[in-house]
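Participant: Before anything else, here's the structure in question.
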Amino acid sequence: MIGTEENPLRVAIVGSGPAGFYTADHILKHEGTHAEVDMFDRLPTPYGLVRFGVAPDHPKIKSVIRVYEKTAARPEFRFFGNVEVGMDVTAEELRDRYHAIVFAYGTSVDRHLGIPGEDLPGSHSATEFVNWYNAHPDFADREFDLSCERVVVIGNGNVAADVARMLALPREELEGTDTADHAIEALAACGVKEILVLGRRGPAQAAFTNPEVRELGEMVDADIDVDPGEMDLDELSRAWLDSDDADPTNRRNVDIFTEFSQREPEGKNKRIVMRFLRSPVEIQGDGRVERIVVAKNELQRDDSGRLRAVDTGERETIDCGLVLRSIGYKGIPIDGIPFDERRGLIHNDGGRVHDGEGEQVPGLYAVGWIKRGPSGVIGTNKKDAHETVAKLFADLESGKVPEAPLADDRGAIEALLSERKPDHVTFEGWQAIDAAEVEAGKPHGRPRIKFCRVHELVEASKATKTAA
Ligand code: FAD
Ligand code: NAP
């Protein structure tokens, strides 16, 4: 029987972001089952978007890591960082060694607008920009021309808000954070005067949450600018706000934007300008971004009752030197795992992986953004993990979790990795990296100074081994 002391339930979790850690926690706390969890991440560092997504000026949010550290401290838990599933080890090789695999590898790729000029130098995804300022090793060498006066940010979600704020932070604030060193220099010295945030729908439909909007109006070095004319809402938006379909968040956003629209500029160095009902239709420039053409939209109700942005045919051309699109993410497939190309997610039903036709693939599960799509805050993944783990244990109980030929040997994965990826990073290795980063930050009053390259991270991970 699987799940006993003699034959513990052995689970591989692919991805060490919030979804992966909540899954590990739920599995290891499940009463009456002996379980062991091995977690893999393609990067040498754990915690996914908590390290590489959450904005550096929001350090409190990152304290959720303390919860994950408790999970990692359990003897039944192991971390194998710097191991990319699908590249360094295949999903099939994991299936030989584990009773179940839970895919928690997030949605790392940006969505595209599909408009002319989108690939011009100076047009980037927010993903690239966020990863760059957060010291993601794959993006350390990116360059953003921040010498221009106006940056256009496309999208009205919290990632767009993060990006706008980061562009508006003064050096003194940046220097107190764990922003990558290369980004602190570039951002602090930047010539940007205006950050123009464009929403394709109206202020009532913006996806921002209230604290994130409020913060845009509390910047030390940037005025907020909302056109009062845009707060004169169309009839559909008014009716929608009064209906049960609207969330209190939407209503409060409108109140906050209205207050912003009544402010006089204080003459700060920069301006965050928010404009609504505008969609980019073309990015233009001679060899690089010089301007963006936007369509003026109006709202119409579609068959499903959703208010959609519809092009009125009216155009506006805005000079700018940098365009950052922040319009969401999608996942990428891992070889052999059923994947819904249209949605950019693993085919699954409440976390149980199926073949795309509804037939369950035994032993495979999904959780977090690669299960449900790129939305929701860190805490959303806890409930989500609960659902997936409940499915896994229901399957265990009904005998649907398959035996695996090498699952009785906890050393089988280490044997494979010693061949394939001898420089993999254990949790102890991560703790050495963590200590080195925190130590480096201390003299500068910073929470840490992040290593920006895989080889530096791997080198730092060896410190405990060298000391031992
Ligand atoms: P992720 O956090 O993306 O973790 C996936 C992990 O899988 C990564 O570590 C990745 O390296 C790894 N991986 C990928 N491919 C492979 C592979 N083939 N093999 C092995 N490992 C792999 N929420 C908040 O509550 N507050 C915030 O302030 C906040 N800020 C955010 C800022 C940004 C820019 C973004 C994009 C999101 C933010 N969120 C925030 C949302 C939050 O980060 C997500 O809800 C959460 O991280 C999703 O968790 P996940 O585990 O599904 O994915
Ligand atoms: P999001 O909240 O889904 O916002 C995406 C935005 O892009 C929406 O405004 C959407 O408009 C717009 N958009 C989509 N396609 C577009 C197109 N073709 N043209 C123009 N605009 C387009 O996504 P996100 O900002 O990437 O955030 C992802 C998740 O992480 C969210 O749940 C967010 O709350 C969370 N997060 C939280 C924090 C925090 O708590 N501080 C920080 C960052 C991220 P429509 O509404 O019209 O589709």
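Numbered per our numbering, the sequence shown spans residues 1321 to 1788.
We put the beta carbon where it would ideally sit given N, CA and C, even for glycine.
Where DSSP assigns a beta bridge to leucine 1644, which residues make up the other side?
Facilitator: Partner(s): His1444, Val1473.
Participant: Can you give me the Cβ contacts of alanine 1355 inside the same chain, cut-off strictly under 8 Å, excluding the 5 residues immediately before and after it?
Facilitator: Gly1323, Pro1328, Leu1329, Arg1330, Val1331, Ile1347, Leu1348, Glu1396, listed in sequence order.
Participant: Between which two residues does the alpha helix (DSSP H) harbouring asparagine 1478 extend?
Facilitator: Here the alpha helix (DSSP H) through asparagine 1478 covers 1478-1488.
Participant: Based on the DSSP output, what are the partners of glycine 1401 in its beta bridges?
Facilitator: In DSSP, glycine 1401 forms a bridge with Asp1361, Val1745.
Participant: If we ignore side chains and look at the alpha-carbon of each, how far apart do threonine 1700 and aspartate 1606 end up?
Facilitator: Whole-angstrom Cα-Cα distance: 44 Å.
Participant: Identify the continuous alpha helix (DSSP H) that holds phenylalanine 1341 and give its terminal residues.
Facilitator: That run of the alpha helix (DSSP H) goes 1338-1348.
Participant: Evaluate glycine 1477 with the Cβ neighbour count: other Cβ atoms within 10 Å of its Cβ, from every protein chain shown; 16 or more gives buried, anything less gives exposed.
Facilitator: Classification for glycine 1477: buried.
Participant: Going by other Cβ atoms of all chains shown within 10 Å of its Cβ, with 16 needed for buried, is asparagine 1589 buried or exposed?
Facilitator: Under this definition asparagine 1589 is an exposed residue.
Participant: Along the chain, where does the beta strand (DSSP E) that runs through tyrosine 1425 open and close?
Facilitator: Unbroken run through tyrosine 1425: none, as it is neither H nor E.
Participant: For methionine 1321, does the count of other Cβ atoms within 10 angstroms reach 16, so buried, or fall short, so exposed?
Facilitator: Methionine 1321 should be labelled exposed.
Participant: From glycine 1587 to valine 1687, what does the alpha carbon distance come to, in whole angstroms?
Facilitator: In a straight line, the C-alpha of glycine 1587 is about 47 Å away from that of valine 1687.
Participant: From Ala1375, Ala1420, Ala1566, Arg1645, pick the residue whose C-alpha is nearest to that of valine 1429; which is it?
Facilitator: The residue with the shortest Cα to Cα distance from valine 1429 is Arg1645.
Participant: Just checking my contact of valine 1472 with leucine 1516 at CB under 8 Å: how many whole Å lie between their CB atoms?
Facilitator: Confirmed, Cβ separation roughly 5 Å.
Participant: Does glutamate 1514 pass the burial test, meaning 16 or more other C-beta atoms within 10 Å, or should it be called exposed?
Facilitator: Buried is the call here.
Participant: Could you check whether leucine 1777 and threonine 1410 sit closer than 9 Å to each other, using their CB atoms as the reference points?
Facilitator: For threonine 1410 and leucine 1777, no; Cβs fall outside 9 Å.
Participant: Quick one: is aspartate 1567 buried, meaning 16 or more other Cβ sit within 10 Å of its Cβ, or exposed?
Facilitator: The residue is exposed, with fewer than 16 neighbouring Cβ atoms inside 10 Å.
Participant: Within its chain, find whatever has a CB closer than 6 Å to the CB of glycine 1676; leave out the 5 residues flanking it on each side and keep chain order.
Facilitator: Answer for glycine 1676: Pro1658, His1667, listed in chain order.
Participant: In angstroms, rounded to a whole number, what distance separates the CA positions of alanine 1735 and valine 1697?
Facilitator: Spanning the two alpha carbons is a distance of roughly 37 Å.
Participant: Is the stretch 1625-1641 close to the stretch 1572-1587, with three or more CB pairs under 8 Å?
Facilitator: With a cut-off of 8 Å, the stretch 1572-1587 and the stretch 1625-1641 do not count as touching, because too few Cβ pairs lie within range.
Participant: Please report the distance separating the alpha-carbon of aspartate 1498 from that of cysteine 1640.
Facilitator: About 29 Å.
Participant: Taking only the alpha-carbon atoms, compute the straight-line gap between phenylalanine 1771 and glutamate 1757 and give it to the nearest angstrom.
Facilitator: Answer to the nearest angstrom: the Cα atoms are 7 Å apart.
Participant: With a Cβ-Cβ cutoff of 9 Å, do phenylalanine 1360 and valine 1405 count as a contact?
Facilitator: Yes, the pair counts as a contact, with Cβ atoms nearer than the cut-off.
Participant: Shorter than 8 Å, the distance from the beta carbon of arginine 1362 to the closest heavy atom of the ligand FAD, or not?
Facilitator: Arginine 1362 Cβ: within cutoff of the ligand FAD.
Participant: Excluding sequence positions up to five away, which residues of its chain have a Cβ less than 6 Å from the Cβ of proline 1338?
Facilitator: The answer, listed in chain order, is Ile1698, Asn1701.
Participant: If we ignore side chains and look at the alpha-carbon of each, how far apart do glutamate 1463 and alanine 1503 end up?
Facilitator: Distance between the alpha carbons of glutamate 1463 and alanine 1503: 9 Å.
Participant: Run the CB neighbour count on aspartate 1715, radius 10 Å, all protein chains shown included, and call it buried at 16 or more, exposed below.
Facilitator: Per the 10 Å Cβ criterion, buried.
Participant: Do glycine 1519 and arginine 1598 have their C-beta atoms within less than 9 Å of each other?
Facilitator: Yes. Within cutoff.
Participant: Compare the Cα-Cα distances from tyrosine 1418 to each of Ala1344, Met1486, Gly1683 and report the closest residue.
Facilitator: That would be Gly1683, whose Cα lies nearest to the Cα of tyrosine 1418.
Participant: Would you kindly report the start and end of the unbroken alpha helix (DSSP H) that includes alanine 1780?
Facilitator: Unbroken alpha helix (DSSP H) run through alanine 1780: 1774-1781.
Participant: Can you find a heavy atom of the ligand FAD that lies under 8 Å from the Cβ of tyrosine 1388?
Facilitator: Tyrosine 1388: no, Cβ never under 8 Å from the ligand FAD.
Participant: I need the DSSP call for valine 1331, collapsed to helix, strand or coil.
Facilitator: Three-state DSSP puts valine 1331 in a strand.
Participant: Quick check on the burial criterion: 16 or more other C-beta atoms within 10 angstroms. Buried or exposed for methionine 1407?
Facilitator: By the 10 Å Cβ count, methionine 1407 comes out exposed.
Participant: So, is glutamate 1532 buried or exposed, given that buried needs 16 or more other C-beta atoms within 10 angstroms?
Facilitator: Per the 10 Å Cβ criterion, buried.
Participant: For the ligand NAP, is there a heavy atom less than 8 Å away from the beta-carbon of glutamate 1532?
Facilitator: Glutamate 1532: yes, Cβ under 8 Å from the ligand NAP.
Participant: What whole-angstrom Cβ distance do arginine 1608 and proline 1441 have, given they're in contact under 8 Å?
Facilitator: With a Cβ gap of about 4 Å, arginine 1608 and proline 1441 count as contacting.
Participant: Pick out whichever of Pro1600, Ile1690, Val1774, Ala1508 has its Cα sitting closest to the Cα of methionine 1486.
Facilitator: Of the listed residues, the one whose Cα sits closest to methionine 1486 is Ala1508.
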